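Engineer:
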Amino acid sequence: GGAGTGKTLIALAAALERKKDFRQILITRPMVHLEDKDNMGFLPGDIREKMDPWLRPIWQNLSVLKEVDPQNRELIDKYLADKKIDIEPLDYIRGTTFIKSIMIIDEAQNLTPHQVKTIITRAGVGTKLVFTGDLDQIDRKRRLDRFSNGLAYAAGRMLNQEIVGHVKFHTSVRSELAKIGVDLL
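Per the numbering used here, the sequence shown starts with residue 995, numbered consecutively.
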């Protein structure tokens, strides 16, 4: 779906709704700069602190879910403290098996087919993967396009698999201004 359609928010809400079915909710997104431009340099801190700027949209969406339902506030805070909601840097997943986890891979349009395959092949028994993305928001344009990115590649290759689903959101709900931007720019 396009910008502001609620892809990340719905993925997080669905994961929380199904929390009893999984040991852990894992969240990741590629660390790709807007339009793949030069980066800001090295960031201090541990892995979570280094990923924090990339994960700001995740934290914002979790805040929205806390505001909507007071029960979510306590649950999300507890899950974060207990690492039942945790961050998974893509750089370190090779060799890992995620068992009975739900993993949200945000901004997947910026992943290569190889990266998506690597993520999918980490899924162990009872694990569900949720890829979110927008083919109109590819930032790695020198290497990826609407057809060659990992999200489109996986959706096309796995289209007829019984255990795979694909949902497209069409309406921007972020704001009237965001909707106009999606429609006209």
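The beta carbon of each residue, even a glycine, is placed where N, CA and C say it ideally should be. Just so you know, these numbers come straight off a predicted model, no measurement behind them.
#1: Looking at C-alpha atoms only, which residue of Arg-1168, Phe-1163 and Ile-1114 is the closest neighbour of Gly-1144?
#2: To the nearest angstrom, report how far apart Asn-1104 and Pro-1064 are at their CA atoms.
#3: Per DSSP, Ile-1079 is paired with what?
#4: Between the alpha carbons of Tyr-1086 and Thr-1022, how many angstroms are there, rounded?
#5: Report buried or exposed for Lys-1188, applying the criterion of at least 16 other Cβ atoms within 10 angstroms of its Cβ.
#6: Going along the chain, which residues of its own chain have a beta-carbon closer than 7 Å to the beta-carbon of Ala-1007, five neighbours each way excluded?
#7: Which residues in the same chain have their Cβ closer than 6 Å to the Cβ of Asp-1100, if we skip the five residues on either side of it in sequence?
#8: How would you label Asp-1128, buried or exposed, when you count the other beta carbons within 10 angstroms and need 16 or more for buried?
#9: Mind pulling the beta strand (DSSP E) runs of 3 or more residues that sit fully within the segment 1050-1136?
#10: Give the secondary structure of Ala-997 by DSSP, where H, G and I count as helix, E and B as strand, and everything else as coil.
#11: Report the start-end ranges of each alpha helix (DSSP H) in the segment 1133-1162 that is 4 residues or longer and not cut off at the edges.
#12: In terms of alpha-carbon separation, which member of Leu-1049, Gln-1155 and Thr-1121 lies closest to Ser-1095?
#13: May I have the straight-line CA-CA distance separating Lys-1072 from Phe-1141, to the nearest angstrom?
#14: Does DSSP classify Val-1167 as helix, strand or coil?
#15: May I ask you to report which of helix, strand or coil DSSP gives Leu-1178?
Structural biologist: On the basis of the coordinates in this document:
#1: Position 150 of the sequence shown, counted from the start, is the residue given in the question as residue 1144. The candidate whose alpha carbon is nearest that of Gly-1144 is Ile-1114.
#2: Numbered from its first residue, the sequence shown carries residue 1104 at position 110. Numbered from its first residue, the sequence shown carries residue 1064 at position 70. Rounded to the nearest angstrom, the two C-alpha atoms are 34 Å apart.
#3: Here residue 1079 corresponds to residue number 85 of the sequence shown, with the count starting at 1. Under DSSP, Ile-1079 takes part in a beta bridge, and its partners are Ile-1019.
#4: In the sequence shown, the residue the question calls residue 1086 occupies position 92. In the sequence shown, the residue the question calls residue 1022 occupies position 28. Near 11 Å, if we compare the C-alpha coordinates of Thr-1022 and Tyr-1086.
#5: Outside the displayed range of the chain (995 to 1179) lies residue 1188, so it cannot be described from this structure.
#6: By 1-based counting over the sequence shown, the position of residue 1007 is 13. Within the same chain, Cβ atoms closer than 7 Å to the Cβ of Ala-1007 are found at Leu-1059, the five residues on either side in sequence being excluded.
#7: Within the sequence shown, residue 1100 is the residue found at index 106, counting from 1. Closer than 6 Å at Cβ, skipping near neighbours: Thr-1002, Arg-1023 and Thr-1126.
#8: The residue labelled residue 1128 in the question sits at position 134 within the sequence shown. By the 16-neighbour rule on beta-carbons within 10 angstroms, Asp-1128 is buried.
#9: DSSP runs (the beta strand (DSSP E)) wholly in the segment 1050-1136: 1079-1081, 1095-1099 and 1122-1125.
#10: Numbered from 1 along the sequence shown, position 3 holds the residue referred to as residue 997. Three-state result, Ala-997: coil.
#11: Counting only unbroken stretches of 4 or more residues, the alpha helix (DSSP H) elements lying wholly within the segment 1133-1162 are 1144-1151, in sequence order.
#12: For the purposes of this step, residue 1095 is taken as the residue at position 101 of the sequence shown. Nearest option by C-alpha distance: Thr-1121.
#13: Walking along the sequence shown from the start, residue 1072 turns up at place 78. Walking along the sequence shown from the start, residue 1141 turns up at place 147. Annotation: Lys-1072 to Phe-1141 spans about 40 Å, alpha carbon to alpha carbon.
#14: As a first step, residue 1167 is located in the sequence shown; it is residue number 173 there, counting from the start. DSSP places Val-1167 in coil when its eight states are reduced to three.
#15: By 1-based counting over the sequence shown, the position of residue 1178 is 184. DSSP places Leu-1178 within a helical segment (H, G or I) once states are collapsed to three.
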